[in-house]
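Heads up: the structure comes next, in C-alpha cells.
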Amino acid sequence: GGVVAGIAAVGVPQRALAAATATPRLAGAPAVLSDTRIELAIGESLANFTGRTRPAITVNGSLPAPILRWREGQTVDLFVRNTLERHSTSIHWHG
1 GGVVAGIAAV
11 GVPQRALAAA
21 TATPRLAGAP
31 AVLSDTRIEL
41 AIGESLANFT
51 GRTRPAITVN
61 GSLPAPILRW
71 REGQTVDLFV
81 RNTLERHSTS
91 IHWHG
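Going by this note's numbering, 76 is the number at position 76 of the sequence shown; the sequence numbering is gapless.
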C-alpha cells in the first residue's frame, strides 16, 4: 500500500494577496514524490481556474499539491516549511 497526502486550502488576506507574485504550476496531474527525504514548502500564489484571479495555497509552488507515495514500512523524513505570512498550516493525510 501507499500513502497519499493532500493539502487543504485556506483564505488569504488582501495584504498577502498583493505579495503573492509567483504563478503556481497548474499542470493536470500533480507531481509524485517518493524519496525518503522530502521537503514541502507551503506558500501562496495567484491562480485562475474560472476566469477570475484568486489567492491559492501551493505546495512546492504547485497546485494541486504533490502526491506523496511510500511503501508500508519505509522510514521517511518529511520537512514542512510554512512560508505563509499570516497563517498557520497543517497537512491532511489520506491513505
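Positions of the beta carbon are idealized from the N, C-alpha and C atoms, including for glycine.
A quick note: this is a predicted structure, and the numbers were derived from the prediction, not measured.
- Isoleucine 38 and leucine 63 do not touch by the CB rule: their CB atoms are close to 18 angstroms apart, not below 8 angstroms.
- With contacts defined by Cβ atoms closer than 8 angstroms, valine 32 and proline 66 form a contacting pair.
- Under the three-state reduction of DSSP output, isoleucine 91 falls in the coil class, being neither helix nor strand.
- By the CB criterion at 8 angstroms, isoleucine 42 and valine 76 fall outside the cutoff.
- In the displayed model, aspartate 77 falls within a strand according to three-state DSSP.
- DSSP places proline 66 in the coil class of the three-state scheme, outside both helix and strand.
- Linking glycine 61 to glycine 73 through their CA atoms gives a straight-line distance of about 29 angstroms.
- DSSP places alanine 41 inside the beta strand (DSSP E), whose first and last residues are 37 to 48.
- The beta carbon of leucine 78 sits closer than 6 angstroms to those of Ile38, all from its chain and outside the five residues before and after it, given in chain order.
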